[in-house]
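Numbering (this note's numbering), first residue to last: 9 to 251.
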């Protein structure tokens, strides 16, 4: 089934593939065999730059929630036996402070369509019946439309090297983000989270590793660059905005 022939989504995927292919051709004199990788990297950086205002809102919301943390702890202590009242008073506290408890999701949600389109562009063998030229692009001999896991299991040495680099970079990004999360909690009242939830928060910064090995290589590059951007950008914004 060729999704590029579907109404609405098909033309969008075809346009995305054509635009990416033309960008790769444009960069070919500069980067040669690495032009596809450079194209995805530049696209990722452009997207993250455009999303800086949403990231600023996220950091601002983090600061507001940090200031409210002692009051939230008081509410949990006073109303822990009445969950409905605790929820009502918590939401009222957020409203009075002009803070949304879900503020900061905008950047992640805004990237979802872009990542999805990139995935569909790279995962589609054909475009309305014609070969997809983007999938013929390579990085160190690994096809841009191939997953690193499949290529590595197929015995491609370069795929193993790239996969190892992806794992290391995402692990470094995860460690930086987990360190930042712990610093956010420093000096604040402890939260009464279940042990399972606490463990989940500890591994959350590393969840991109598995998808990066399973999606097409081009999409994996987007995940790596975007994760490293977040790991560096968030501490910088917090320092600038919080002093």
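Yeah, the Cβ is synthetic: ideal placement off N, Cα and C, and Gly gets one too.
How far does the alpha helix (DSSP H) with residue i in it extend, from its first residue to its last?
i: residue 63; result: 60-87
i: residue 23; result: 17-39
Excluding the 5 residues flanking residue i on each side, which residues of the same chain have their C-beta closer than 7 Å to its C-beta?
i: residue 105; result: 72, 76
i: residue 118; result: 59, 62
i: residue 48; result: 226, 229, 230
i: residue 55; result: 119, 122
i: residue 42; result: 147
DSSP three-state label for residue i, please.
i: residue 5; result: This structure does not reach residue 5, given that the chain is present from 9 up to 251, and the question cannot be answered.
i: residue 97; result: helix
i: residue 132; result: coil
i: residue 224; result: strand
i: residue 104; result: helix
i: residue 54; result: helix
i: residue 241; result: helix
i: residue 202; result: Interpretation of residue 202 is limited by its pLDDT of 49, a score under 50 that renders its predicted location unreliable; no figure is taken from the coordinates.
i: residue 44; result: helix
i: residue 182; result: helix
i: residue 164; result: coil
Quick one: what's got a C-beta closer than 6 Å to residue i's C-beta in the same chain, skipping five residues either side?
i: residue 135; result: 12, 22, 25
i: residue 157; result: 221, 222
i: residue 246; result: 67
i: residue 18; result: 12
i: residue 205; result: Low confidence applies here, because residue 205 scores a pLDDT of 48, under 50, leaving its location unreliable; read the following figure in that light. There are no such residues.
Ordered along the chain, which non-local residues of its own chain (more than five positions away) have a Cβ less than 8 Å from that of residue i?
i: residue 142; result: 25, 28, 29, 32, 44, 129, 130, 152, 153, 226
i: residue 83; result: 94, 97, 98, 101
i: residue 52; result: 229, 230, 233, 234, 237
i: residue 178; result: 214, 216, 217, 220, 231, 232, 235
i: residue 240; result: 184
i: residue 202; result: Low confidence applies here, because residue 202 scores a pLDDT of 49, under 50, leaving its location unreliable and the question unanswered by this model.
i: residue 127; result: 223, 224, 227
State the beta-bridge partners of residue i as determined by DSSP.
i: residue 155; result: 224
i: residue 10; result: Answer by DSSP bridge pairing: none, since residue 10 is not bridged.
i: residue 121; result: Paired residue(s): none; residue 121 is not in a bridge.
i: residue 139; result: 134
When you compare the CB of residue i with every CB in chain D, is at least one pair closer than 7 Å?
i: residue 71; result: Going by chain labels, chain D is absent from the structure shown, which holds only one protein chain.
I'd like to confirm something about residue i: is its beta-carbon nearer than 6 Å to some heavy atom of the ligand FMN, or not?
i: residue 67; result: You won't find the ligand FMN in this model; it holds no ligand whatsoever.
Handout entry: At least three beta-carbon pairs within less than 8 Å, the stretch 156-170 to the stretch 132-148
Key = Cβ pair count under 8 Å is three or more, so yes.
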